[in-house]
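Visitor:
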Amino acid sequence: MQLRIEDILPEGIEIEVRLDPDDPAFRELGLKGPVTGSFHIKKMGPQILVRGNVQALVALKCARCLADFDAPISEEVNIEMRPAMEMERFGHDIELGADDLDVEFFRGDVLDLGHLVAEQIALALPMKPLCREDCSGICSRCGADRALGPCQCEPPMEDSRWEALSELRDRLKKKRD
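Residue numbering for the sequence shown follows my numbering, starting at 451 and increasing by one per position.
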């Protein structure tokens with residue numbers, strides 16, 4: 451979805467978006483349906499402020515048990531967009547500060563809101579997706595899903611290298627008691 455900068459009124463504009471999951475901007479995100487959202491967009495001199503939220507349903511794979519699951523994503527958007535020529539004026543050796551993390555740059559007289567929305571969805575994806583917080587995962591030896599019950603693996607043999615530390619722990623525990 452593209453928005454011409456000249457279409458932004460002095461008091462700003464409200465935009466409701468509903469973007470198709472087949473859009474090339476969303477190809478790598480695994481969307482399970484359309485992306486929806488609403489924005490208030492306002493010009494502040496050469497800068498453009500974009501405030502609002504986006505929602506989507508994303509297909510993920512659990513990091514513990516490898517099960518496929520769908521996760522709802524809801525992300526607040528608070529972006530300041532600046533003309534790219536502002537960045538080019540300083541060259542490529544710019545040190546970014548904490549305030550610059552919510553800054554995007556644009557070229558020309560059109561904003562690509564689809565790219566902006568895709569970026570916000572990608573940033574909202576969990577680094578370690580879990581199908582549920584208490585997911586037991588899979589056994590590292592036999593691959594059995596622990597959510598279905600304990601696996602049939604033999605308990606791990608004790609490593610004799612730790613025996614001296616176990617004895618020390620037992621002696622210290624007896625002293626405290």
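Ideal Cβ positions, reconstructed from N, Cα and C, are used throughout, including at glycine. All figures in this text were calculated on a predicted structure; none of them were measured in a lab.
For ARG468, tell me which candidate among GLY462, LEU459, PRO474, VAL485 has the shortest Cα-Cα distance.
Guide: Here residue 468 refers to the residue found at position 18 of the sequence shown. Taking only the C-alpha atoms, the option nearest ARG468 is VAL485.
Visitor: Quick one, which of PRO471, PRO605, LEU563 has its alpha-carbon nearest ILE491's?
Guide: Here residue 491 corresponds to residue number 41 of the sequence shown, with the count starting at 1. Nearest of PRO471, PRO605, LEU563 to ILE491, Cα basis: LEU563.
Visitor: Using only alpha-carbon positions, find the residue among LEU499, LYS625, ALA594 that is nearest to CYS603.
Guide: Mapped onto the sequence shown, residue 603 falls at position 153. Nearest option by C-alpha distance: ALA594.
Visitor: Per DSSP, what are the beta-bridge partners of LYS511 in this structure?
Guide: As a first step, residue 511 is located in the sequence shown; it is residue number 61 there, counting from the start. ASP518, per the DSSP bridge assignment.
Visitor: In whole angstroms, give me the CA-to-CA distance for ASP620 and CYS589.
Guide: Counted from its first residue, the sequence shown places residue 620 at position 170. Counted from its first residue, the sequence shown places residue 589 at position 139. Approximately 30 Å between the Cα atoms of the pair.
Visitor: According to the neighbour-count rule (16 or more other Cβ atoms, all chains shown, within 10 Å of its Cβ), is ALA475 buried or exposed?
Guide: By one-based count along the sequence shown, residue 475 stands at place 25. So ALA475 ends up on the buried side.
Visitor: So for GLU525, helix, strand or coil by DSSP?
Guide: Locating residue 525 in the sequence shown gives position 75, where the first residue counts as 1. Strand.
Visitor: What is the residue span of the alpha helix (DSSP H) that ILE571 lies within?
Guide: The residue you call residue 571 lines up with position 121 of the sequence shown. Note, ILE571: alpha helix (DSSP H), 563-574.
Visitor: Hey, could you find the ends of the alpha helix (DSSP H) LEU615 is sitting in?
Guide: In the sequence shown, counting from the first residue as 1, residue 615 sits at position 165. Where LEU615 is concerned, the enclosing alpha helix (DSSP H) stretches over 613-626.
Visitor: Near ALA509, what residues of its chain come up, given a Cβ to Cβ distance below 7 Å and the 5 sequence neighbours on each side ignored?
Guide: Counted from its first residue, the sequence shown places residue 509 at position 59. The residues are GLY480, LYS482, ASP518, ASP520.
Visitor: From this set, GLN497, TRP612, ILE465, which residue's C-alpha is nearest VAL553's C-alpha?
Guide: Within the sequence shown, numbered from 1, the residue matching residue 553 stands at position 103. Comparing Cα-Cα distances from VAL553 to each of GLN497, TRP612, ILE465, the minimum goes to GLN497.
Visitor: So is CYS581 buried or exposed if we call it buried at 16+ other beta carbons inside 10 Å?
Guide: Within the sequence shown, residue 581 is the residue found at index 131, counting from 1. The residue in question, CYS581, is buried, as its Cβ has 16 or more Cβ neighbours within 10 Å.
Visitor: Evaluate contact between the stretch 499-513 and the stretch 561-579, counting only Cβ atoms and requiring at least three cross-stretch pairs below 8 Å.
Guide: A contact exists between the stretch 499-513 and the stretch 561-579.
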